[in-house]
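Chains R and Y, in that order, give the protein sequences.
Our numbering runs 93 ahead of the 1-based position in the first sequence.
Our numbering runs 20 ahead of the 1-based position in the second sequence.
In what follows, a structure is listed as structure tokens, so that the remarks can point back to it.
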Amino acid sequence: MENRNNILNELREISPVVAGISYQAPYTVPSGYFEGLPSQLLQLVKAMEATPVLPPARQP
Amino acid sequence: MSVTMQDSELLMQFRDPATKEKAYTAIIRKYQERLYWHIRRMVVEHEDANDVLQNVFIRVWNGLENFREDSQLYTWLYRIATNECLTYLEQLKKRSSVSLSDVESGLENKIKADKHFDPNKLEWKLQLAIQQLPEKQRVVFSLRYYDEMPYEEMSHVLETSEGALKASYHHAVKKIEDYILNH
């Protein structure tokens with residue numbers, strides 16, 4: 094990734110107004126979300142693989 | 021630019037059935053936060069970001085074996101995540117039979133509905149300004165401003181020339197400035 098200073102210098106040249114804003118997005122995430130995600134996703138893909146694919150319906 | 025040594029190792033492990041699951045969770049752990057935030061800034065709500073991120077990592081599970089190591093793993097992941105976001109926004113538009121501008125105002129309303137939303141804080145105003153941008157400019161702005169992505173790598177993610185991306189970023193910043201100064 095590029096250095097934050099390079100990004101800010103480029104931004105200051107285009108717009109000092111936007112460059113002056115905190116670049117942290119203000120959103121929040123439920124606590125523990127990232128800790129649990131890898132195992133949750135692994136269970137999900139394994140369950141999808143274990144689900145048998147139904148054969149196509151027979152033609153009359 | 022080809023994959024880093026660490027990613028190359030993870031890819032090798034992923035291709036081995038004995039270590040595939042371990043490698044998969046390691047890849048998720050390594051990239052989940054960056055991809056989540058990229059998605060979240062596009063779709064706004066956590067639940068939607070979670071759904072889109074899930075789809076991304078299902079695609080990774082199904083497609084990683086065929087990944088060619090002539091580009092970086094993270095640019096491939098960002099390409100999937102970006103495409104999934106755009107698909108999500110497209111579905112949102114179709115589901116509600118509304119125009120893109122209605123989807124954008126819907127996203128604006130979601131921002132305003134956030135329990136921490138404060139209209140006087142510039143970082144919230146910035147989120148509202150970002151939602152006014154056309155989708156492509158929104159992606160370019162987000163990848164450059166938040167993810168600090170070099171234009172060269174962004175050109176692999178979005179399959180667009182570096183010159184066009186620089187112009188797009190410039191236009192996006194100017195539109196954001198205009199919004200901030202007038203709201």
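Every residue, glycine too, gets a C-beta built ideally from N, C-alpha and C.
Computed from a predicted model, the values in this text were never measured in an experiment.
Query	Result
Val122/R - DSSP class collapsed to helix/strand/coil	coil
Continuous alpha helix (DSSP H) stretch holding Val64/Y: start and end	From DSSP, Val64/Y is part of no alpha helix (DSSP H); its letter is neither H nor E.
Same chain, Cβ closer than 7 Å to Glu197/Y, five either side skipped, listed in chain order	none
C-beta neighbour in chain Y for Ser124/R, strict 8 Å	no
Cβ neighbour criterion (16 or more within 10 Å) applied to Met203/Y	Reading off the sequence shown, one finds His at residue 203/Y, where the question assumed Met. Its Cβ having fewer than 16 others within 10 Å, His203/Y is exposed.
From Glu67/Y, Gln111/Y, Arg61/Y, Ala46/Y, residue whose alpha carbon lies closest to that of Val80/Y	Ala46/Y
Beta-carbon neighbours of Leu142/Y, restricted to chain R and to distances below 9 Å	Gly113, Ile114, Ser115
Near-chain R residues of the stretch 183-200 of chain Y - C-beta to any C-beta below 7 Å	His190, Val193, Lys194, Ile196, Glu197, Ile200
Buried or exposed (CB count within 10 angstroms, at least 16 for buried), Thr102/Y	buried
Within 7 Å of chain R by C-beta, residues of the stretch 76-87 of chain Y in sequence order	Phe77, Ile78, Trp81
Chain Y residues whose Cβ lies nearer than 7 Å to that of Thr121/R	His136
C-beta contact flag for Arg164/Y and Ile100/R at 8 Å	yes
Minimum C-alpha distance to Glu143/Y - residue among Arg35/Y, Tyr199/Y, His190/Y	Tyr199/Y
Assigned exposure category for Met62/Y - 16 Cβ within 10 Å defines buried	buried
Classification of Gln117/R by the beta-carbon crowding that lies within 10 angstroms, buried from 16 upward	exposed
Residues near Glu128/R by beta carbon distance below 7 Å, same chain, minus five either side	none
At least three beta-carbon pairs within less than 8 Å, the stretch 81-92 of chain Y to the stretch 32-45 of chain Y	yes
Per-residue contacts from Leu178/Y into chain R (C-beta, under 7 Å)	Correct list: empty, because the minimum Cβ distance to chain R is about 16 Å.
Rounded straight-line distance, which links the Cα of Thr24/Y to that of Gly183/Y	26 Å
Chain R contact for Leu127/Y (CB, 8 Å cutoff)	no
Against chain R: residues of the stretch 56-68 of chain Y by CB proximity under 7 Å	Trp57, Arg60, Arg61, His66
Identity of the residue in Glu65/Y, Leu30/Y, Lys42/Y, Phe77/Y nearest Pro123/R by Cα	Glu65/Y
Candidates Thr121/R, Leu104/R, Gly113/R, of which the one nearest Lys135/Y by Cα	Thr121/R
Closest Cα partner of Ile154/R within the set Gln147/Y, Thr180/Y, Thr39/Y	This structure gives no information on residue 154/R, because the portion of chain R shown stretches from 94 to 153.
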